[in-house]
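There are 2 protein chains.
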Amino acid sequence: MNPSQVEAYLHEHIPLSAAMGITVVESSPERTVLEAPLGPNLNHRATAFGGSISTLAILTGWVHVHFRLRSEGHAVHTVIHRSTVDYTAPITSTFRATCERVSDAPWARLCRGLDRHNKGRVHVDVQIESGTAHVSHFRGAYVALQEADG
Amino acid sequence: MNPSQVEAYLHEHIPLSAAMGITVVESSPERTVLEAPLGPNLNHRATAFGGSISTLAILTGWVHVHFRLRSEGHAVHTVIHRSTVDYTAPITSTFRATCERVSDAPWARLCRGLDRHNKGRVHVDVQIESGTAHVSHFRGAYVALQEADG
Numbered sequence: 002m003n004p005s006q007v008e009a010y011l012h013e014h015i016p017l018s019a020a021m022g023i024t025v026v027e028s029s030p031e032r033t034v035l036e037a038p039l040g041p042n043l044n045h046r047a048t049a050f051g052g053s054i055s056t057l058a059i060l061t062g063w064v065h066v067h068f069r070l071r072s073e074g075h076a077v078h079t080v081i082h083r084s085t086v087d088y089t090a091p092i093t094s095t096f097r098a099t100c101e102r103v104s105d106a107p108w109a110r111l112c113r114g115l116d117r118h119n120k121g122r123v124h125v126d127v128q129i130e131s132g133t134a135h136v137s138h139f140r141g142a143y144v145a146l147q148e149a150d151g
Numbered sequence: 002m003n004p005s006q007v008e009a010y011l012h013e014h015i016p017l018s019a020a021m022g023i024t025v026v027e028s029s030p031e032r033t034v035l036e037a038p039l040g041p042n043l044n045h046r047a048t049a050f051g052g053s054i055s056t057l058a059i060l061t062g063w064v065h066v067h068f069r070l071r072s073e074g075h076a077v078h079t080v081i082h083r084s085t086v087d088y089t090a091p092i093t094s095t096f097r098a099t100c101e102r103v104s105d106a107p108w109a110r111l112c113r114g115l116d117r118h119n120k121g122r123v124h125v126d127v128q129i130e131s132g133t134a135h136v137s138h139f140r141g142a143y144v145a146l147q148e149a150d151g
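Each protein sequence line maps, in turn, to chains A and B.
By this note's numbering, the letter at position 98 of the first sequence is numbered 99, and the numbering carries on one by one without gaps.
By this note's numbering, the letter at position 112 of the second sequence is numbered 113, and the numbering carries on one by one without gaps.
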């Protein structure tokens, strides 16, 4: 799926992604980048709401893991298992979350888990930036499960 | 502020809380309880989206800390600094986040920080349940800062 197809998928199946105005800037096994405008994601201080930052990052990691597995032929569903976010600076404009390609060893472990036990687990890091400033860091653990009919 | 006033405040100042259909069930220094319906918070698996669970918990902890400080006479603003969520079971109906009263020692530390340095920090735990099942756990660190004109 190309970025606009991924975006349409998210908006259709995860209504909060549409309410937040999330766009998919890049989606490939190399890198996934999602973006959100400030307007629908404001808090009481006129900066980005922590819940929106956390949500954008969770989705970015999910898109990266899920669609890379699918592109490699794994018929899986993927769920978030644990998330941690550090909010390091206030955000006053559009913000962007980037998940770089998971490195080979943990990716191979995830795939081995799927092949042997129909279940694998992987950690991903997502950096959140606004303009040129680094504003938050996310680390998530995702679990992929072989589809029953996969 | 009573629960319906807190709810109106959230919906006005944090649009995502309105998009999620969040209601404030209880808001007092003893306990804060926020609830969200499944509809606007669905994911691609027809269960509650992790971003929504995380967001409901962040708001619940924030309401608890911020409005208890305000009710005790501290003119502060309060921000999330770190959040961790464990997603332990899928959610298939309305879900509810509960933050119990922070115990005396950490609360006194928070207030001492505000009095001495215009800044304090506190950790809170939030339990997320759906029906009678425990489905997620959240731990958040919040920072309260004395208002410049407070």
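We put the beta carbon where it would ideally sit given N, CA and C, even for glycine.
Interface residues of chain B around A134(A) at Cβ under 7 Å?
-> Your numbering for residue 134(A) matches position 133 in the first sequence. Near A134(A) there are no residues of chain B at all, since even the closest Cβ is about 16 Å away, more than 7 Å.
How big is the Cα-Cα spacing for F50(B) and Y88(A)?
-> One-based indexing of the second sequence puts residue 50(B) at position 49. One-based indexing of the first sequence puts residue 88(A) at position 87. The alpha-carbon atoms of F50(B) and Y88(A) are separated by roughly 21 Å.
Assigned secondary structure, G52(A) (DSSP; H/G/I helix, E/B strand, else coil) = Residue 52(A) sits at position 51 when you count from the first residue of the first sequence. Correct three-state label for G52(A): helix.
T133(A) classed as buried or exposed, judged by whether at least 16 other C-beta atoms fall within 10 angstroms | Here residue 133(A) is taken as the residue at index 132 of the first sequence, counted from 1. Exposed is the call here.
Does the distance from the C-beta atom of L17(A) to that of S131(B) stay below 8 Å?
-> Your numbering for residue 17(A) matches position 16 in the first sequence. Your numbering for residue 131(B) matches position 130 in the second sequence. Contact: no.
Any chain B beta carbon closer than 8 Å to G74(A) = Here residue 74(A) corresponds to residue number 73 of the first sequence, with the count starting at 1. Chain B, which has no Cβ nearer than 8 Å to the Cβ of G74(A), makes this no.
Mind pulling the chain A residues with CB within less than 7 Å of S53(B)?
-> Position 52 of the second sequence, counted from the first residue, corresponds to residue 53(B). The answer, in chain order, is L17.
Could you run through the segment 77-91 of chain A and flag, in chain order, every residue whose CB is less than 9 Å away from some CB of chain B?
-> H78, V80, I81, H82, R83, S84, T85, V86, D87, Y88, T89 and P91
Closest by CA to S104(B), which one among S28(B), R140(B), E148(B) and H124(B)?
-> As a first step, residue 104(B) must be located in the second sequence, where it is residue number 103. Closest option to S104(B), Cα to Cα, is H124(B).
By DSSP, does G132(A) sit in helix, in strand, or in coil?
-> Here the question's residue 132(A) lines up with position 131 in the first sequence. Coil at G132(A), not helix or strand.
To the nearest angstrom, how far is it from the Cα of V25(A) to the Cα of T85(A)?
-> Reading the first sequence from its first residue, position 24 is the one you call residue 25(A). Reading the first sequence from its first residue, position 84 is the one you call residue 85(A). The alpha-carbon atoms of V25(A) and T85(A) are separated by roughly 22 Å.
What's the call for G74(B), buried or exposed, on a 16-neighbour Cβ count within 10 Å?
-> Numbered from its first residue, the second sequence carries residue 74(B) at position 73. Counting Cβ neighbours within 10 Å, G74(B) comes out exposed, since fewer than 16 surround it.
What is the DSSP secondary structure of T61(B), counted as helix, strand or coil?
-> Taking the first residue of the second sequence as position 1, residue 61(B) is located at position 60. Of the three classes helix, strand and coil, the one that applies to T61(B) here is helix, per DSSP.
What residues in its chain sit with their C-beta under 8 Å from that of E121(B), if we drop five residues either side in the sequence?
-> The residue you call residue 121(B) lines up with position 120 of the second sequence. Here residue 121(B) is Gly; the residue named in the question, Glu, does not match the sequence. Counting only Cβ-Cβ distances below 8 Å, and skipping sequence neighbours, we find R110, L111, C112, R113, G114, L115, V144 and A145.
Is L39(A) helix, strand or coil when you go by DSSP?
-> Numbered from 1 along the first sequence, position 38 holds the residue referred to as residue 39(A). Note: L39(A) maps to coil in three-state DSSP.
Around the C-beta of S28(B), are 16 or more other C-beta atoms found within 10 angstroms, so that it is buried, or is it exposed?
-> Translated into positions along the second sequence, residue 28(B) becomes position 27. Buried, because 16 or more other Cβ atoms sit within 10 Å of the Cβ of S28(B).
Closer than 7 Å, Cβ to any Cβ of chain A: which residues of the segment 26-51 of chain B, in chain order?
-> P41, N42, L43, N44, H45, R46, F50 and G51
In three-state DSSP terms, what is G151(B)?
-> As a first step, residue 151(B) must be located in the second sequence, where it is residue number 150. Unreliable positioning characterises G151(B) in this predicted model, as indicated by a pLDDT of 45, which lies under 50. The coordinate reading is nonetheless provided below. In the structure shown, G151(B) sits in coil (DSSP, three-state: anything other than H, G, I, E or B).
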